[in-house]
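Number of protein chains: 2
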Amino acid sequence: MALKTLTLQDVARVAGVSTATVSRTLSDPNVVSESTRRKVSDAVKSTGYRINRTARNLRTQRAHSVLVLLPDLANPFFSNILEGISSHLSSQGYSMLIASTKQVHDSGERLIDYLDDARADGMIVLDGGLAPDVVEMLANAPQSKPVLTACEWIDGASFPSVRCENRHGTRAAVNHLYDLGHRKIAHVTGPADNVLTQTRKAAFADEIAELRLDLPPDWIIPGDFSLIGGCDAARAWIGMKDRPTAVFCASDQLALGFIAELSRHGISVPRHVSVMGFDDIDLAEQFIPPLTTIRQDRLIIGETAAKMLMSRILNPGDPQAENSAVLPVSLVIRDSTAPPQ
Amino acid sequence: MALKTLTLQDVARVAGVSTATVSRTLSDPNVVSESTRRKVSDAVKSTGYRINRTARNLRTQRAHSVLVLLPDLANPFFSNILEGISSHLSSQGYSMLIASTKQVHDSGERLIDYLDDARADGMIVLDGGLAPDVVEMLANAPQSKPVLTACEWIDGASFPSVRCENRHGTRAAVNHLYDLGHRKIAHVTGPADNVLTQTRKAAFADEIAELRLDLPPDWIIPGDFSLIGGCDAARAWIGMKDRPTAVFCASDQLALGFIAELSRHGISVPRHVSVMGFDDIDLAEQFIPPLTTIRQDRLIIGETAAKMLMSRILNPGDPQAENSAVLPVSLVIRDSTAPPQ
DNA sequence: ACTCAGAATGTAATCGATTACAGAAGTTCT
DNA sequence: AGAACTTCTGTAATCGATTACATTCTGAGT
C-alpha cells in the first residue's frame, strides 16, 4: 500500500528520457518536441506521478504560498475576504496559510518567521493594530518579501494597501440620514486605536460640520465593532437627556447589538430611532429590521489584495506595481432608517 | 539589504563546529555538550540565522502543515472551528492550510494533490458532502496520510471523526419544547443529502414518536441551514392550515431566518410560535428575541480534531489511536421559546 | 599506564526537483 | 558538402537541512 514515493527519476526511466527533460515538459511543454511530450505525459499517467512541491520549493526558493494574518479567526467579517484571497491564490497555484495575531502571540512565534523561514512568499495583513515592534520587523523584512495590508492599514508604515472608501461611505451614511430629515445624529465608533475608527469618526465629524449640525461630545459614543459594544452604546443612548434621532454605527455588528439592546428596553427601530451600520455583513439583510448600511464587497477586497501581492511576488522590484487600491462602497437602504417621528 | 540567505553552514563556520552539530543543537540540545551548545546559540544569535523549513521538510519528508477543507469559507459557522484547529497546530509548530471545496473544484485542482504532493501531512475535512470519487481517492490515500472528518462525516467511508451528540441534542430540544407544553412541533431540516440533516431528522422523528405526538408529513419542512432557507420555511409554516406551535430548526441560521420572515408578516416569537435553533452561533444570543438553541462548542471541536490528527501524524500506525470522539452539546434556554398561547 | 565504554563531533550521502552548460540532432543557406 | 543556426536533450551541480556511519575524545576501572 505505502508505495515508495515516485520521483522524476521514475518517470524519466519509464519515458526513456532524462529527468531534465521530464522537468521541462512539466513546467513548459513547449520547449520539448511533440514526441517527447507524449512519451512523458504517458509516463506520468501510467506511473501516477505527482510532483513533490517541497523539493520544487527548495530548488526554486519559493514557498508557493502566502500568509494571511488576521486579528481573530472567529470574526465572520473576514470570511469573505479569505474566500476572495484564496480564490485568486489557488488560481495561481499558490496556497493560503492562515494565522491569527492572537495565536502567533500565544505560541511565542514571531510573525516574521513565516517570511524568514521560507514558509511563505508574502503576507497579507488584515490587522491594523499590530504591535509597533512587529511592524518594524516586517518593514525591514529580511528577505524583502512583499507585505500588504487590506481593509485596515498601518499608520506610519508604508506597506501597499487595499482599502475601502471609508470617508465617502461615512459621508454617504450621514447624508442619507440628513435627507430623511434627521438633524440630531450620533456616531458609535470602533475601538479607539483603530485606523478605521479614526477615519470614519473624522469623516463623520467633517460631514456633520459641513451640514452645520450640532455635535455634542457625548454623541460620539465609543464602541469596539462588536455586538456587545453595540449593546453598551445603546444603554449610553438611552441614558441621554437629549437623544439623537439617528445613530450611525461604525460596523454592522455594532448596529445589530445596538438595536437588540434597544429592543430589550422596548424601544423600536426605526420608529423611535434610525440606526445604520457599516460593512453589509450577510446578516444585515436578515435582521429585524433589515439594516440600512454601507456595503463593502469583501470578496473583491480579498481578490484585489491577492492580485496585488501576487504581482509583487512574481515581479519583484517592478517599479510600476500598483501601490494601493481604493475600492468603492455603496449605500444600501433597508428598513432600519426612516424619517424622525 | 537583500542579504544572502543564511544557512547552517554560516552558523557552523561562526561557531567553529560542523553543520551536523549545529543541526543537532537546534533539534535536540541535550545531545551536545554544554560548551558547544553555548557556542552554537551565540552564533545563531549573532548571525540572525533562521532555519529554512523547506529544506527541512524535504529532508524529513514532512510538510509540517495540515490542510483543512471546508465547504464554504464564507460561512461563519466554521470560524471558531478553524480557530481551535489553528490554535493547537501552531502549538505543535505546524501550520494550517485552508481550501474550500468550491475553489478546489473551480481551480481544477484535485484535493488529494495536497496530500500527494507533500504540501500537507494530513487533512481535516469539514464537509460531509464530498463527491464520492473524491472520497474514494482520499480513502486510498496514496501516501496513507491521515484524514479525519469533523462536525460532519462521510457515510460509507471510515475516516476517524469528531462529532457532536446530534441525537442527544435533538432530543433535548424536543423535550424542552414538550416540557413547555407544546404538542404540535415541527422541524425545519438542513439540505436533504447532509448527514447532519439525516441524523437530526431521524432523532426528531424518534423522539416525537416516543412522546406519542402527531407528526403530519408537512411538519417536516425541508430547508438548507441558511438564513434564506429559514425564510422559505417560515412561509411554509404560515401557509399551513393546522400550524405547529413550536418549530425546531436544524441550525441557528435557519431559526434566525425563520423568525425574521415571521416578523415581516407581523408574527411574533415566542408569542405566536416558539422557535429553536442548533449550534449557538455568536449571534444567537444577540438576536431579537435571543435564541433558545443547542450549543456545540466549536473551539473544542476544532482543538479535538487537530489533536487527533496530530497524534496520527506523529505516531503513524499507532493501533491505540483514538478513532473518533463525540463531543457533548447543551441546551441553552433563551427567549425564543415559551409555553404555547 | 592501558583498555574500553560512552559521549561528542565530523564527514558525506541524501531528500527530489530545477537549470546552467554542453553536446547532439536537425534545418537552412551558400 | 559544409558552415551557421536553431531546436532538443542529457549531465551534473545545486537548493539547505538531516542523519547514518565513522571518528575522536573523555574518564572510569584495573
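Sequence lines, in order, name chains A and B.
The opening residue of the first sequence carries number 6 in this note's numbering; numbering runs sequentially from there.
The opening residue of the second sequence carries number 6 in this note's numbering; numbering runs sequentially from there.
The beta carbon of each residue, even a glycine, is placed where N, CA and C say it ideally should be.
It should be emphasised that the depicted structure is a prediction, and the values quoted were computed from it without experimental measurement.
In the structure shown, what three-state DSSP assignment does B/F209 receive?
-> The residue given as residue 209 of chain B occupies position 204 in the second sequence. Residue state, collapsed to three classes: helix.
Which word fits A/F49, buried or exposed, when buried means at least 16 other C-beta atoms lie within 10 angstroms of its C-beta?
-> In the first sequence, the residue the question calls residue 49 of chain A occupies position 44. The amino acid at residue 49 of chain A is misidentified as Phe; the sequence shows Val. With 16 or more other Cβ atoms within 10 Å, it is buried.
Chain-ordered chain B contacts of A/R317 [CB-CB under 8 Å] = Taking the first sequence and counting its residues from 1, one reaches residue 317 of chain A at position 312. The premise fails here: A/R317 is roughly 14 Å from chain B at the closest Cβ pair, so nothing lies under 8 Å.
Segment limits, alpha helix (DSSP H) that includes A/L259 = The sequence position of residue 259 of chain A within the first sequence is 254, counting from 1. Residues 257–269.
Could you tell me whether the segment 309–319 of chain B touches the segment 93–108 of chain A, using the rule of 3 or more Cβ pairs below 8 Å?
-> no
Would you mind working out which of A/D287, A/D302, A/Q301 sits nearest A/P295, comparing C-alpha positions?
-> On the first sequence, residue 295 of chain A is found 290 positions in, with the first residue counted as 1. When each option's Cα is compared against that of A/P295, the closest is A/D287.
Does DSSP put A/M281 in a helix, a strand or coil?
-> As a position in the first sequence, residue 281 of chain A is number 276, starting the count at 1. If DSSP states are grouped into helix, strand and coil, A/M281 belongs with the strands.
Can you tell me the Cα-Cα spacing of B/A238 and B/I190, whole angstroms?
-> On the second sequence, position 233 is the one that residue 238 of chain B refers to. On the second sequence, position 185 is the one that residue 190 of chain B refers to. Roughly 14 Å between the two C-alpha positions.
Using the DSSP secondary-structure output, state which residues sit across from A/S335 in a beta bridge.
-> As a position in the first sequence, residue 335 of chain A is number 330, starting the count at 1. According to DSSP, A/S335 bridges with A/R300.
Using a Cβ-Cβ cut-off of 6 Å (strictly less than) and excluding sequence neighbours within five positions of B/A241, which residues of its own chain qualify?
-> For the purposes of this step, residue 241 of chain B is identified with residue 236 of the second sequence, where counting begins at 1. Once the five neighbours on either side are set aside, the close Cβ partners of B/A241 are I226.
Just mark B/I413 as buried or exposed, buried being the case when its beta carbon has 16 or more other beta carbons within 10 Å.
-> This structure cannot settle anything about residue 413 of chain B, because the visible part of chain B is limited to 6 through 346.
For the segment 241–275 of chain A, enumerate the residues whose C-beta is nearer than 9 Å to any C-beta of chain B, in chain order.
-> Q258, L261, G262, I264, A265, E266, S268, R269
Count the other C-beta atoms from every protein chain shown that fall within 10 angstroms of the C-beta of A/H192, then say buried if there are 16 or more, exposed otherwise.
-> Residue 192 of chain A sits at position 187 when you count from the first residue of the first sequence. Result: buried.
A/S92, DSSP secondary structure in three states | Taking the first sequence and counting its residues from 1, the one referred to as residue 92 of chain A is at position 87. Looking at A/S92 - three-state DSSP - the assignment turns out to be helix.
Report the residue from A/A125, A/D160, A/D122 whose alpha carbon sits nearest the alpha carbon of A/I137.
-> For this step, residue 137 of chain A is matched to residue 132 along the first sequence. Reading off the sequence, residue 137 of chain A comes out as Pro, not Ile. For A/P137, the nearest C-alpha among the options comes from A/D160.
Check whether the Cβ of A/L1 lies closer than 8 Å to any Cβ atom in chain B.
-> What the structure shows of chain A is the stretch from 6 to 346, and residue 1 of chain A is not part of that stretch, so it cannot be assessed.
Using the rule of at least 16 other Cβ atoms within 10 Å of the residue's Cβ for burial, across every protein chain shown, is A/H270 buried or exposed?
-> Within the first sequence, residue 270 of chain A is the residue found at index 265, counting from 1. Exposed, by the Cβ-count rule.
Could you give the DSSP three-state label for A/S329: helix, strand or coil?
-> Numbered from its first residue, the first sequence carries residue 329 of chain A at position 324. The answer is strand: DSSP assigns A/S329 an E or B state.
Just the Cα atoms here: how many angstroms apart are A/S100 and A/V140?
-> As a first step, residue 100 of chain A must be located in the first sequence, where it is residue number 95. As a first step, residue 140 of chain A must be located in the first sequence, where it is residue number 135. Cα-Cα distance, rounded: 24 Å.
One or two residues paired with A/H192 in a DSSP bridge | As a working mapping, residue 192 of chain A is identified with position 187 in the first sequence. Its beta-bridge partners are A/I225, A/F253.
Which of helix, strand or coil DSSP assigns to A/A310 = Looking up residue 310 of chain A in the first sequence gives position 305. Of the three classes helix, strand and coil, the one that applies to A/A310 here is helix, per DSSP.
On the three-pair Cβ rule with 8 Å, is the segment 218–235 of chain A touching the segment 243–261 of chain A?
-> yes
Locate the beta strand (DSSP E) running through A/R29, then write down its first and last residues.
-> Walking along the first sequence from the start, residue 29 of chain A turns up at place 24. Here A/R29 belongs to no beta strand (DSSP E); instead the alpha helix (DSSP H) covers 24–32.
Residues of its chain near B/A7, where Cβ-Cβ distance is below 8 Å and the 5 sequence neighbours each way are ignored = Along the second sequence, one-based indexing puts residue 7 of chain B at 2. Model confidence at B/A7 stands at a pLDDT of 45, short of 50, so the residue's coordinates are unreliable and nothing is read from them.
In its own chain, which residues sit with a C-beta less than 8 Å from the C-beta of B/A343, not counting the 5 before and 5 after it?
-> Against the second sequence, residue 343 of chain B aligns to sequence position 338. Excluding positions up to five away in sequence, the list reads L185, P275, R276, S279.
Shorter than 8 Å from the beta carbon of A/Q291 to some beta carbon of chain B?
-> The sequence position of residue 291 of chain A within the first sequence is 286, counting from 1. Chain B, which has a Cβ nearer than 8 Å to the Cβ of A/Q291, makes this yes.
With DSSP run on the structure shown, which of helix, strand or coil describes A/V71?
-> Counted from its first residue, the first sequence places residue 71 of chain A at position 66. Correct three-state label for A/V71: strand.
Beta-carbon contacts of B/A208 that lie in its chain and below 7 Å, excluding the five residues immediately before and after = Stepping through the second sequence from its first residue, residue 208 of chain B is reached at position 203. If we look at B/A208 and ignore the five residues flanking it on each side, its Cβ neighbours are N171, R172, T175, R176.
8 Å Cβ cutoff, B/D323 in contact with chain A = Mapped onto the second sequence, residue 323 of chain B falls at position 318. Not one chain A Cβ lies under 8 Å of B/D323.
Put B/M142 into one of helix, strand or coil per three-state DSSP.
-> On the second sequence, position 137 is the one that residue 142 of chain B refers to. Three-state result, B/M142: helix.
Between B/L153, B/P76, B/L261, B/L319, which lies nearest to B/A330 when the distance is taken from Cα to Cα?
-> Translated into the one-based positions of the second sequence, residue 330 of chain B becomes position 325. Checked all of B/L153, B/P76, B/L261, B/L319; the closest Cα to B/A330 is B/L153.
Is the Cβ-Cβ distance between B/M281 and B/A265 less than 8 Å?
-> Counting from one through the second sequence, the residue named residue 281 of chain B turns up at place 276. Counting from one through the second sequence, the residue named residue 265 of chain B turns up at place 260. Not a contact, by the Cβ cut-off of 8 Å.
Determine the extent of the beta strand (DSSP E) in which B/A123 is found, giving its start and end residues.
-> Position 118 of the second sequence, counted from the first residue, corresponds to residue 123 of chain B. Careful: B/A123 lies outside any beta strand (DSSP E) and carries neither H nor E.
Other residues of its chain near A/G133: CB distance less than 6 Å, five sequence neighbours each side excluded | Locating residue 133 of chain A in the first sequence gives position 128, where the first residue counts as 1. These residues qualify, in order along the chain: E157, W158, I159, V200.
The beta strand (DSSP E) enclosing B/A343, as first and last residue numbers | Looking up residue 343 of chain B in the second sequence gives position 338. Element bounds for B/A343: n/a, residue is neither H nor E.
Take B/I318 and list the residues in its own chain whose beta-carbon comes closer than 7 Å to its own, dropping the five residues that flank it on each side.
-> Position 313 of the second sequence, counted from the first residue, corresponds to residue 318 of chain B. Contacts found: D126, G127, P151.
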